[in-house]
Amino acid sequence: MQVPLYQAKAEFFRMLGHPVRIRVLELLQHGPLAVRDLLADIEIEPSSLSQQLGVLRRAGIIVSTRQGSTVIYALAGGDIADLLKAARRILTELLAGQYAILTESPAGTGASAGPVPVGKES
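Residues in the sequence shown are numbered consecutively from 1, following UniProt numbering.
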């Protein structure tokens, strides 16, 4: 039985829907990295990182190679980097729109005029 494209897309985005997975992909868009380098940047338990890398690898989004005792991960293709750039652009536009709305609020309404932080990104 074939899965409708919209359902496959939903599953794909659900698979991406974990902060550690997104961070791994952000780091790998700059080139292949060893697990130790990912651990240094992400600062989580090795077992947790291993679990998230496994999800991405099984989905075919990243690939791994072994160089001696070192495992190196890389993006399987450039489309994921393009997707991350598009997501950043969309979020930037959405947040800019929200900021514009907040700064247009009349004084004394209790609305905050400060920007909404998005978090750490490369």
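The C-beta atom is built at its ideal place from N, Cα and C for all residues, glycine as well.
- Within the segment 2-51, the runs of alpha helix (DSSP H) that reach at least 4 residues and sit entirely inside it are, in chain order, 5-16, 19-28, 35-42.
- Setting aside the 5 residues that flank it on each side, T65 is surrounded in the same chain by I72, each with a C-beta closer than 6 angstroms to its C-beta; the list follows chain order.
- Distance from the CA of E11 to the CA of D41, rounded to the nearest whole angstrom, comes to 27 angstroms.
- Under the three-state reduction of DSSP output, I90 falls in the helix class.
- Taking every protein chain shown into account, the CB of I61 has 16 or more other CB atoms within 10 angstroms, so this residue is buried.
- For T70, the closest C-alpha among the options P32, E93, Q52 is that of P32.
- In the three-state scheme derived from DSSP, where H, G and I count as helix and E and B as strand, A59 is classed as coil.
- Relative to the Cα of R57, the nearest Cα in the group A74, K9, L38 belongs to A74.
- By the CB criterion at 7 angstroms, L49 and L39 fall inside the cutoff.
- For a cut-off of 8 angstroms, the C-beta gap from L25 to L84 is around 6 angstroms, short enough to register as a contact.
- With 16 or more neighbouring CB atoms inside 10 Å of its own CB, R23 falls in the buried class.
- Here the alpha carbons of A86 and T92 stand approximately 10 angstroms from one another.
- Between the alpha carbons of V20 and M1 lies a distance of about 32 angstroms.
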